[in-house]
Amino acid sequence: MRKDSVVANIAKDLGLDIEQLIFRRFHIVSHNSDSYFFVNLEDGNIYIKNRIDRESLCARAATCFLSIDAVVENPLNVFKVKIEIQDINDNPPSFFQKTIKLEIIESTLPGARFVLQNAEDPDIGINSLQSYKLSDNHHFTLSEKTSTDGSKFPELVLEKPLDRETQNTHEVILTAVDGGNPIRSGMTLIKIIITDVNDNTPIFKQEVYKVSLYETTPINSSVLFVSASDEDEGSHAQITYSFSTSGNILDMFNIDPENGEIKTKTNLDFEKTQHYEMSIQAQDGGGFVSHCKVLVEIIDENDNAPLILIRSSSSPVPEDTTPGTVIALIEVHDKDFGRNGEVDCQIMETVPLELVLSSSRYYRIITNNFLDREKLSYYNITILATDRGYPQLSSTATIRLDILDINDNPPLFQKPIYFAYVLENNLPGASIYSIHASDLDTGDNAKVIYSISSIKTEDSPVSSYFSINVETGIFYAQRSFDYEQHKEFVVHVTANDSGSPSLSSNATIILHIMDQNDNAPKILYPSPESGGSPSFEIVSFTTEEGSLITKVVAVDVDSGHNAWLSYHLLQTSELFYFSINQHTGEIRTTRPFQLKDLLNHKLVVLVKDNGVPTLSATATLSLVVGDNFQQLLPKLNYQIPVDNVSSNLQMYLVIALGLISMFFILTVILVLISKCKEAKSSTSFGSFSTNLYSQVDPRILSQFNDGTLSLPYTYNVCVALDSTENNCTFRKPHHNVPIDNLIDSDVLAPGNENLKESMMPTSDTVPQAQPNTDWRFSQAQRPGPSGAQPTEEAGVWPNNQFETERLQAMILASANEAAEGASAMGGGNGTMGLSARYGPQFTLQHVPDYRQNIYIPGTTSTLTNAAGKRDGKSAAPSGGNKKKSGKKEKK
């Protein structure tokens with residue numbers, strides 16, 4: 060049939076819908092038929108691609124089939140199709156030799172038969188060789204001889220005697236005719252040479268030789284020996300062997316002309332040819348010939364490994380592919396036969412796939428479990444095909460199956476909570492932390508976008524403090540942080556991937572703001588609100604070594620090491636008298652005081668923190684040494700400063716002498732005034748409130764007061780000239796006398812009129828009464844360590860006093876009232892500042908008692924706090940300060 064001829068409508072025969080052929084990917088597969096047929100998917104017909112030669116495909120086989128596989132997918136199915144190739148008479152009979160030479164002895168008798176070479180026709184059946192014809196002649200006729208295998212050979216029969224002398228050669232034409240339509244024929248020329256007498260022809264031992272060879276037989280291996288004998292002698296008995304056949308026999312074998320040995324000429328291949336048939340001719344020296352047939356069978360050996368062909372493959376596949384999905388279709392073919400061609404297949408790796416036999420040679424690769432790209436992004440599937448021959452041969456093929464990612468994994472943080480530490484006073488816009496979330500997916504499914512959840516702090520949203528790079532997860536500070544305002548931020552971060560649908564996860568970042576030393580210490584006592592003037596403290600002459608004088612109180616709003624404070628004295632000249640505790644700020648005496656010691660001491664206290672760099676603050680304290688005001692004022696007038704030892708010492712001495720002279724003159728004037736007014740009636744003096752301590756902020760008092768101080772009291776002071784009750788005058792203080800007017804030598808200089816005016820007696824009087832004991836402190840209430848001193852019960856106030864003594868007593872009572880009154884404990888004007896100086900950690904027993912013993916000249920008693928009686932003990936009578944005579948007392 061010609062090219063593009065229709066063989067059949069395979070779609071119709073298989074019951075397939077022609078319109079679905081393309082969608083179902085219909086195609087045919089064959090090893091030896093691909094070049095002969097093709098399918099038109101539009102009409103379902105099988106067409107001839109190239110001319111088909113049955114003889115080249117099947118030789119002389121009785122039937123000839125070409126096998127193809129019709130494969131359809133979606134769903135997958137394979138159909139076995141056999142196409143029979145029918146023979147037509149397209150080959151004429153042919154002779155191996157165009158001219159046959161035949162020598163016949165002239166003495167040959169009529170009836171002799173001479174076997175001729177047979178003709179060959181590759182067609183089969185009626186189309187093959189049917190008969191022979193001989194051209195017209197006078198001496199020979201044609202006959203046929205049938206061999207044991209059924210094949211026919213032409214025989215030349217001598218009808219009339221030959222005469223070499225009359226005619227030494229004869230030529231006749233032998234025609235071979237087949238039975239096809241139209242009839243085809245082939246011819247050969249028989250040239251008969253009339254020779255001398257040779258009356259015996261060679262005779263083979265066997266008319267048909269059969270031999271079997273393995274296809275792996277090496278080249279030049281011996282196949283068999285053919286042997287023929289001739290009863291003649293001499294040259295007529297010499298036999299020569301040769302092939303008398305056509306085809307590829309001469310390419311595959313050769314024969315030794317002398318001994319008849321047949322050897323292989325090239326490699327044998329069972330898969331190409333399973334049988335060989337050859338005709339062997341034996342010719343003697345007289346020209347007689349004979350023929351035999353040799354049949355060679357090729358035995359198959361397992362010399363072909365299985366062949367794996369991938370016919371269909373689906374890659375990549377989504378990782379959510381359901382089990383049972385077909386991934387690929389493979390064909391396994393082995394050219395060998397029998398068990399050598401039986402093949403077993405398996406997948407070498409441990410993968411979620413399996414092979415399922417679809418037909419005799421086709422396998423489907425299907426999924427048998429769920430796929431996970433995050434565990435393995437692709438599979439190299441190695442298919443091993445092993446035949447059942449001996450030795451076993453195998454081959455492999457690899458299919459790469461890529462797994463297509465789907466968004467099935469959210470971004471994951473390494474920890475649910477992160478802790479970050481940032482120093483305060485950072486630069487705005489600086490990078491402070493980095494956070495990362497990983498996504499096991501790939502591509503857009505793994506692209507992470509970071510965001511901060513809108514959580515508000517106390518005053519503003521968190522976005523005003525922080526920002527985050529949406530791609531890298533780096534945190535930036537939007538502003539500078541202050542540890543004293545915000546010590547910690549809690550930020551929630553969300554990581555979203557870019558898949559569809561988007562997946563997310565959250566993490567919390569706790570940012571701790573780390574303190575820096577950016578705040579200097581703040582001094583609470585002495586109060587910084589005193590306007591820069593130093594605070595005053597009175598130190599008794601009787602103060603023992605190591606006694607607590609006062610305490611500097613400071614705080615630092617920083618934290619940790621930055622808030623550790625240490626206290627130091629800057630004026631080294633004062634260190635001889637006082638020392639300060641480096642950790643608590645308590646100022647104590649380093650030795651007992653003497654009368655010749657300096658009365659006024661100014662201490663500069665440096666308070667510094669432990670930060671880097673160190674920050675500090677200073678406070679100035681003025682300490683005045685004296686037991687009471689009677690002793691304090693004269694000593695202040697005549698005290699010569701000794702702390703200045705600089706190069707200006709002479710100038711300081713001159714100034715000191717001038718001040719002493721002025722103090723002396725002022726004292727004389729005061730004495731004269733008091734003498735002039737001695738005869739006058741009892742008068743009351745304006746009260747003096749000693750502003751011994753700088754004003755303290757009430758908020759500080761409320762902060763540090765824990766109830767250890769007693770309630771403030773206001774007392775009446777009675778000063779009388781005699782012992783009668785009616786002459787005693789009580790006054791509540793209502794004038795404030797600055798402490799500088801009492802103890803500062805510079806203020807007491809000549810020209811200061813305040814002291815004189817404040818000391819003038821007033822005309823307001825009240826009936827004299829015995830002072831009560833309410834003004835006294837108990838031992839628990841006393842702000843000083845003086846509870847062990849001998850005391851005396853309050854008795855009758857002294858009388859017969861001079862005006863000077865009365866003035867001194869009034870000053871002492873006023874000072875005592877200032878120290879014990881409401882203003883002293885309440886933090887108002889004139890307060891002693893106890894609440895500010897002594898916080899909850901300090902008790903009143905550490906506060907120096909400036910009111911222990913008050914001595915009034917001209918009396919035999921000393922005003923005390925009556926500690927013994929207040930503490931439940933009997934008061935010891937005072938044995939000191941007695942006067943011998945009135946004149947001496949006046950002086």
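When the letters of the sequence shown are read in order and numbered with the working numbering, they come out as residues 60 to 950.
For glycine and all other residues, C-beta sits at the position ideal for the given N, C-alpha and C.
Buried or exposed (CB count within 10 angstroms, at least 16 for buried), residue i
i	result
K791	Caution is warranted here: a pLDDT of 39 is assigned to K791, below 50, making its placement in the model unreliable, and no coordinate value can be reported.
A287	buried
Q451	exposed
R243	buried
M60	exposed
K667	buried
N859	In this predicted model, N859 has a pLDDT of only 38, less than 50, meaning its place in the structure is not dependable enough to derive any value.
Y449	exposed
M337	buried
Y464	First, the amino acid is wrong: residue 464 is Asp here, not Tyr. Buried, by the Cβ-count rule.
G488	exposed
D615	buried
S523	exposed
S761	Low local confidence applies: a pLDDT of 37 at S761 is under 50, so the model's placement there is unreliable, and no value is given.
Pairwise C-alpha distance: residue j and residue i
i	j	result
S380	S417	The question names Ser, but residue 380 is Thr in the sequence shown. Approximately 21 angstroms between the Cα atoms of the pair.
F723	V730	11 angstroms
S526	I511	8 angstroms
F82	L499	37 angstroms
K264	S349	11 angstroms
S769	V663	Any reading at S769 must be qualified, since the residue scores a pLDDT of 36, below 50, and its modelled position is unreliable; no value is offered.
S618	K581	14 angstroms
E274	R447	18 angstroms
V130	F429	28 angstroms
P830	F637	Unreliable positioning characterises P830 in this predicted model, as indicated by a pLDDT of 39, which lies under 50. The coordinate reading is nonetheless provided below. Going by the C-alpha atoms only, they are around 37 angstroms apart.
Q405	S374	20 angstroms
T673	L725	49 angstroms
T648	D541	41 angstroms
F85	I107	17 angstroms
Q79	S190	54 angstroms
L73	V376	31 angstroms
L629	L716	29 angstroms
D195	V236	16 angstroms
L201	L193	6 angstroms
S166	P220	8 angstroms
N504	V385	26 angstroms
Cβ pair residue i, residue j closer than 9 angstroms
i	j	result
T677	L658	no
L388	I367	no
L272	I339	no
L655	L682	A quick correction: the sequence has Lys, not Leu, at residue 655. No, the Cβ-Cβ distance between K655 and L682 is not below 9 angstroms.
E214	L188	no
S606	D686	no
Q342	S281	no
L583	A613	yes
A70	D76	yes
F548	I572	yes
Y421	E390	yes
T567	P475	yes
S153	D180	yes
Counting pairs of beta carbons, one from the segment 206-226 and one from the segment 304-317, are three or more of them closer than 8 angstroms?
-> no
Meets three-Cβ-pair contact criterion under 8 angstroms: the segment 539-556 and the segment 465-478 = yes
At least 3 beta-carbon pairs within less than 8 angstroms: the segment 156-171 vs the segment 89-100 = Contact between the segment 156-171 and the segment 89-100 is absent, because fewer than three Cβ pairs lie under 8 angstroms.
Beta strand (DSSP E) runs contained entirely in the segment 158-240, provided each spans 3 or more residues = 158-164, 172-174, 188-193, 199-205, 211-217, 228-237
Are the segment 477-485 and the segment 394-412 touching by the rule of at least three beta carbon pairs closer than 8 angstroms?
-> no
Alpha helix (DSSP H) runs wholly inside the segment 381-438, at least 4 long, in chain order | For the alpha helix (DSSP H) assignment, the segment 381-438 encloses no uninterrupted run of at least 4 residues.
At what residue ranges does the segment 246-329 contain a whole run of the alpha helix (DSSP H), taking only runs of 4 or more?
-> 308-311
Quick one: any contact between the segment 246-253 and the segment 228-238, if contact means 3 or more CB pairs under 8 angstroms?
-> yes
How do the segment 324-331 and the segment 288-295 stand: do at least 3 beta-carbon pairs fall below 8 angstroms, yes or no?
-> no
May I ask you to verify whether the segment 134-154 touches the segment 183-201, counting CB pairs closer than 8 angstroms and requiring at least 3?
-> yes
Ordered list of beta strand (DSSP E) runs contained in the segment 442-527, each at least 3 residues = 453-463, 476-482, 490-493, 507-511, 525-527
Return the chain-ordered ranges of every beta strand (DSSP E) run that is complete within the segment 591-633 and spans a minimum of 3 residues.
-> 594-598, 607-610, 612-614, 624-628
Inside the segment 72-97 only - beta strand (DSSP E) runs reaching at least 3 residues | 86-88
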